[in-house]
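Chemist:
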Amino acid sequence: MVQAFKKVFPSLDEMNQDLLWLHVLTSTVMYAKYVVEGTLPDNQETEDTVFQLLTTGLSGYLKPEKPEKRK
Numbered sequence: 001m002v003q004a005f006k007k008v009f010p011s012l013d014e015m016n017q018d019l020l021w022l023h024v025l026t027s028t029v030m031y032a033k034y035v036v037e038g039t040l041p042d043n044q045e046t047e048d049t050v051f052q053l054l055t056t057g058l059s060g061y062l063k064p065e066k067p068e069k070r071k
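Position 40 of the sequence shown, counting from 1, maps to 40 under the working numbering, and the rest follow consecutively.
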């Protein structure tokens, strides 16, 4: 899954990989903590929103490259 994601967004390879995964893991753990504490509701809408925020936060790196046009 990670390789497929990085294939779509090759700019992610330009980032420090330790910082990238620290960001993803920290955000995921905090999301789970807030769900367990009841701060956030445990539903699909919240999960989708958190995922969107994670990916939007990296928006400068998450721009798919356009495929080359064949002649």
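Where a beta carbon is used, it is the ideal one built from N, C-alpha and C, also for glycine.
Return the CA-CA distance between LEU53 and GLN44, expressed in angstroms with no decimal places.
Modeler: Approximately 14 angstroms, taken between the alpha carbons.
Chemist: Taking only runs of the alpha helix (DSSP H) that begin and end inside the region 7-56, which ones reach a length of at least 4 residues, in chain order?
Modeler: Fully enclosed alpha helix (DSSP H) runs of 4 or longer: 17-37.
Chemist: Could you check the C-alpha separation between VAL29 and PHE5 for me, to the nearest Å?
Modeler: Distance between the alpha carbons of VAL29 and PHE5 is about 21 angstroms.
Chemist: Quick check: what's the CA-CA separation for LEU22 versus THR56?
Modeler: If you take the alpha carbons of LEU22 and THR56, they lie about 16 angstroms apart.
Chemist: My understanding is that ASP42 touches VAL50, with C-beta atoms under 8 angstroms, so please give their C-beta distance in whole angstroms.
Modeler: Their Cβ separation, rounded to whole angstroms, is 11 angstroms, which puts ASP42 and VAL50 out of contact at 8 angstroms.
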